[in-house]
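I have placed the structure first, in the form of structure tokens, so that the comments after it can refer back to it.
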Ligand SMILES: Cc1cc2nc3c(=O)[nH]c(=O)nc-3n(C[C@H](O)[C@H](O)[C@H](O)COP(=O)(O)OP(=O)(O)OC[C@H]3O[C@@H](n4cnc5c(N)ncnc54)[C@H](O)[C@@H]3O)c2cc1C
Ligand SMILES: Cc1cc2nc3c(=O)[nH]c(=O)nc-3n(C[C@H](O)[C@H](O)[C@H](O)COP(=O)(O)O)c2cc1C
Ligand code: SF4
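Residue numbers (the numbering used here), protein chains in the order written: chain A, 1 to 410; chain B, 1 to 427.
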């Protein structure tokens with residue numbers, strides 16, 4: 001029997017996830033990062049309709065800026081069956097110049113006044129930076145992000161170098177931008193590819209800019225074809241370094257955000273490797289005020305916003321937090337330097353009833369630890385507490401959840 | 001895989017296998033259109049309660065279906081991952097999610113609107129419950145009539161080893177606050193009253209009557225109609241006494257349930273006889289395998305012709321059959337008896353499982369077709385303001401189809417009560 005079209009009625013209440021950050025009201029903490037998904041009016045519209053709180057339109061520049069793209073531009077870091085564990089791109093900034101982006105901003109603000117509409121800009125000369133800011137403010141943006149960190153095909157000052165890799169250039173350029181802005185907050189999108197991220201953050205802070213976007217893709221060589229020696233993505237056998245994004249870079253971004261937040265008092269927009277609501281919680285717990293998403297959207301579509309909202313709502317309920325804002329910085333006091341860590345006698349504890357007898361912990365500890373696990377006849381792993389130092393390796397080679405715990409030895 | 005609840009790790013790993021197809025075929029194939037990729041992505045990302053909510057938003061009997069929906073004929077049959085290697089265990093995944101929700105406590109639903117109109121639902125089986133819940137989402141005051149506890153066939157007949165009471169109650173407890181249950185068997189008089197008192201009525205009394213087989217000796221002691229057998233075996237397994245040798249007649253899932261139940265009750269030999277071959281059986285593979293695992297012997301191409309015995313059953317006289325090329329209405333080849341092939345199977349009990357029909361004689365005024373209540377695409381019967389769904393309109397179906405019909409009927413009832421549709425179907 002074929003049924004008529006059916007309209008599902010929502011039965012669960014939508015939790016209020018809204019809060020204020022940088023003087024802007026965000027419907028939820030989830031923002032579309034400057035990327036292909038925000039390069040087209042129709043796409044951003046769809047993203048907004050589906051529930052994204054805001055978007056940073058893909059980086060633009062002044063008219064006449066040459067954007068010389070080449071294809072294929074995408075590549076993947078496949079790891080143990082997960083094809084897009086990391087995603088690579090040799091994309092450049094948008095092919096749309098400021099005139100088009102201005103138009104998009106106007107349209108979006110008109111249709112979605114409650115959404116955060118931001119634009120991302122990049123330029124070389126002072127007057128270009130300032131010109132872009134003025135035009136965008138007039139068009140009605142809520143925030144301007146400045147890409148100081150596009151890792152590919154630099155069109156900034158030093159060829160081969162990103163703007164944010166120079167402290168003086170960062171501070172100077174950030175000042176130009178801030179000077180030109182009358183109304184909206186400015187966020188500088190930096191790169192983790194620096195010796196000391198804290199110094200860069202301080203330079204931005206000195207410039208008077210309002211926030212940092214931390215960070216961006218990680219420069220990477222995505223792979224080499226071992227028969228032809230062509231790097232990936234291969235363009236007639238040639239390639240260049242890609243910007244790697246997606247799950248593979250999450251821990252790097254977490255550290256970058258944490259390090260800035262621990263040392264510099266400046267609001268942070270998190271980006272780089274977040275795919276889920278819990279990733280977002282992690283980013284926020286080390287200091288991000290909102291979280292930007294790109295790769296997961298390019299992979300699965302705007303629809304992932306439903307789980308981001310639902311997962312965040314349940315998390316807040318469970319934690320009895322009244323607003324996502326409460327998460328911000330929660331983990332920071334727990335990040336300390338190595339010499340401040342507790343020194344306790346730790347030992348592994350194997351729940352032998354859960355052991356399935358793969359003996360991976362045995363071989364890992366024998367060849368990479370302290371030879372503290374014995375292989376019993378029934379293949380069940382057995383720990384020798386005299387030899388175990390509690391390093392924790394076995395816990396992570398064990399394929400079974402919760403089979404191995406590391407606990408204090410008393 | 002039957003009767004297994006996934007562990008959290010198994011669920012996560014299985015969820016990671018899901019491709020997250022766009023406009024997913026599984027979602028279309030589920031009669032209640034559960035948003036399958038969405039709930040699976042939530043399991044993958046550790047938002048288990050969110051996953052349970054997605055499931056329950058579409059299917060009022062999410063736990064029951066999670067346990068015993070024949071996914072292999074619905075969602076799973078079109079799973080894209082199945083084209084790559086093996087399909088996702090969709091049912092097992094949503095059961096995992098909703099059972100986690102049960103452990104944590106039901107998520108609060110938002111307040112539903114209130115409309116000052118009353119709808120009666122007759123029968124608290126899958127279809128009645130599906131309809132009642134959907135109606136209450138619109139804001140109707142819903143009274144559900146049934147003789148006992150809610151649940152229908154899943155409560156009364158489906159063996160506990162396939163569906164435990166507490167699994168069914170994971171759904172019925174949740175649903176109970178959205179309607180009021182009137183413990184009452186509806187008869188002609190009550191039906192008349194209901195029609196007067198309520199703005200609309202949804203009938204979902206299922207198929208409560210065992211179909212007689214029509215062979216000599218059918219009324220003899222020891223011959224058990226299947227529903228009666230399953231109901232008493234479920235209600236009171238300790239008091240249910242079977243002989244050593246049991247023969248089941250039939251070729252559907254119900255006969256397999258009866259066979260497995262007989263085995264569990266201690267019958268030494270359980271033989272299922274079916275007049276066609278294995279290919280024509282209307283059963284779910286998992287159930288067939290389960291019955292065989294229990295030691296049920298299945299014999300094909302056999303037709304019972306008489307019950308043998310004086311006061312009590314001693315055996316069943318059968319004939320072998322051959323399949324003709326010609327097909328019957330069900331599209332299956334017609335079995336014909338082979339002359340002179342008579343033989344007797346010894347038996348202390350014979351369970352007749354050849355189908356069910358509508359039990360309600362008080363429904364005389366409502367038009368039928370092929371024995372079932374006739375409805376149009378808006379689930380309207382021939383009588384003004386009376387809608388119907390579930391097994392009583394379509395013959396023995398499944399739980400998920402019954403829930404879906406209830407849901408769709410609720411939408412039609414809403415359209416009718418809000419003036420967007422005519423009251424009667426004109427059939
Ligand atoms: C043994 C067996 C095993 C099955 N196994 C499965 C399975 O594994 N998976 C699956 O998907 N489907 C299975 N089915 C099919 C499934 O159970 C039915 O399709 C489904 O229950 C039909 O739902 P319903 O609401 O139409 O009717 P029912 O489930 O029959 O419910 C009808 C309800 O109406 C009540 N009622 C009847 N008369 C009156 C009256 N006069 N007044 C008030 N109330 C009344 C009854 O008490 C009952 O509660 C099985 C069926 C049987 C018989
Ligand atoms: C194809 C592609 C194009 C991108 N283009 C831009 C860009 O124009 N400007 C910019 O600031 N960031 C750009 N990014 C970086 C993203 O905004 C984002 O910071 C990065 O992808 C890390 O986040 P993710 O791991 O969620 O993808 C681009 C990323 C991708 C994958
Ligand atoms: S109810 Fe049945 S068809 Fe629907 S998703 Fe669950 S198992 Fe699949």
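Glycine residues also receive a C-beta, built at the ideal position from the N, C-alpha and C atoms.
Enclosing beta strand (DSSP E) for residue i [first to last residue]
i                      : result
residue 318 of chain B : 313-327
residue 347 of chain A : 346-350
residue 245 of chain B : 245-249
residue 225 of chain B : 223-225
residue 114 of chain A : Careful: residue 114 of chain A lies outside any beta strand (DSSP E) and carries neither H nor E.
residue 155 of chain B : Run containing residue 155 of chain B: none in the beta strand (DSSP E); it sits in the alpha helix (DSSP H), 152-156.
residue 269 of chain A : 268-271
residue 245 of chain A : 242-245
Element boundaries [alpha helix (DSSP H), containing residue i]
i                      : result
residue 19 of chain A  : Note, residue 19 of chain A: premise wrong, no alpha helix (DSSP H); beta strand (DSSP E) at 19-21.
residue 284 of chain A : 277-285
residue 133 of chain A : 126-139
residue 343 of chain B : That residue, residue 343 of chain B, is in no alpha helix (DSSP H); its beta strand (DSSP E) goes 343-346.
residue 171 of chain B : 165-175
residue 10 of chain B  : 8-17
residue 442 of chain B : The structure shown has nothing for residue 442 of chain B, since chain B only spans 1 to 427.
Residue i versus residue j - alpha carbon distance
i                      : j                      : result
residue 16 of chain A  : residue 25 of chain A  : 12 angstroms
residue 9 of chain A   : residue 322 of chain B : 52 angstroms
residue 183 of chain B : residue 160 of chain B : 23 angstroms
residue 223 of chain B : residue 156 of chain B : 20 angstroms
residue 108 of chain B : residue 12 of chain A  : 7 angstroms
residue 157 of chain A : residue 51 of chain A  : Because the pLDDT at residue 157 of chain A is just 49, under 50, the model does not fix this residue reliably, and the value given afterwards should be weighed accordingly. Using only the alpha carbons, I get a separation of about 38 angstroms.
residue 176 of chain B : residue 59 of chain B  : 15 angstroms
residue 340 of chain A : residue 278 of chain A : 27 angstroms
residue 240 of chain A : residue 90 of chain A  : 8 angstroms
residue 174 of chain A : residue 204 of chain A : 6 angstroms
residue 399 of chain A : residue 76 of chain A  : 25 angstroms
residue 110 of chain B : residue 209 of chain A : 43 angstroms
residue 19 of chain B  : residue 113 of chain B : 37 angstroms
residue 352 of chain B : residue 226 of chain B : 5 angstroms
residue 129 of chain B : residue 41 of chain B  : 28 angstroms
residue 270 of chain A : residue 252 of chain A : 12 angstroms
residue 123 of chain A : residue 106 of chain A : 22 angstroms
residue 11 of chain B  : residue 46 of chain B  : 10 angstroms
residue 28 of chain B  : residue 146 of chain A : 44 angstroms
residue 434 of chain B : residue 307 of chain A : Chain B is shown only over 1 to 427; residue 434 of chain B falls outside these bounds and no answer can be derived.
Residue environment, residue i, which counts as buried when at least 16 other CB atoms sit within 10 Å
i                      : result
residue 284 of chain B : buried
residue 233 of chain B : buried
residue 138 of chain B : buried
residue 71 of chain A  : exposed
residue 79 of chain A  : exposed
residue 412 of chain A : Chain A is shown only over 1 to 410; residue 412 of chain A falls outside these bounds and no answer can be derived.
residue 414 of chain A : Since the displayed chain A opens at 1 and closes at 410, residue 414 of chain A lies outside it and no answer follows.
residue 373 of chain A : buried
residue 31 of chain B  : buried
residue 120 of chain A : buried
residue 104 of chain B : exposed
residue 143 of chain B : buried
residue 200 of chain A : buried
Integer Cβ distance of residue i from residue j, believed to fall under 8 angstroms
i                      : j                      : result
residue 380 of chain A : residue 405 of chain A : Wrong, their Cβ atoms sit about 16 angstroms apart, outside the cutoff.
residue 14 of chain B  : residue 89 of chain B  : 6 angstroms
residue 249 of chain A : residue 357 of chain A : The Cβ separation is near 35 angstroms, so there is no contact.
residue 191 of chain A : residue 164 of chain A : 5 angstroms
residue 66 of chain B  : residue 44 of chain B  : Incorrect: roughly 17 angstroms between the Cβ atoms, too far for contact.
residue 117 of chain A : residue 109 of chain A : 5 angstroms
residue 412 of chain B : residue 134 of chain B : Not really, about 10 angstroms apart at Cβ, beyond 8 angstroms.
residue 145 of chain B : residue 164 of chain B : Contact flag wrong, Cβ pair sits at about 26 angstroms.
Closer than 8 angstroms at the beta carbon, the chain E residues around residue i
i                     : result
residue 10 of chain A : No chain E appears in this structure, whose protein chains are A and B.
What residues does ligand 3 have around it, judged by CB closer than 6 angstroms to any heavy atom, in chain order?
B/30, B/32, B/34, B/36, B/59, B/65, B/69, B/71, B/74, B/75, B/90, B/91, B/94 and B/400
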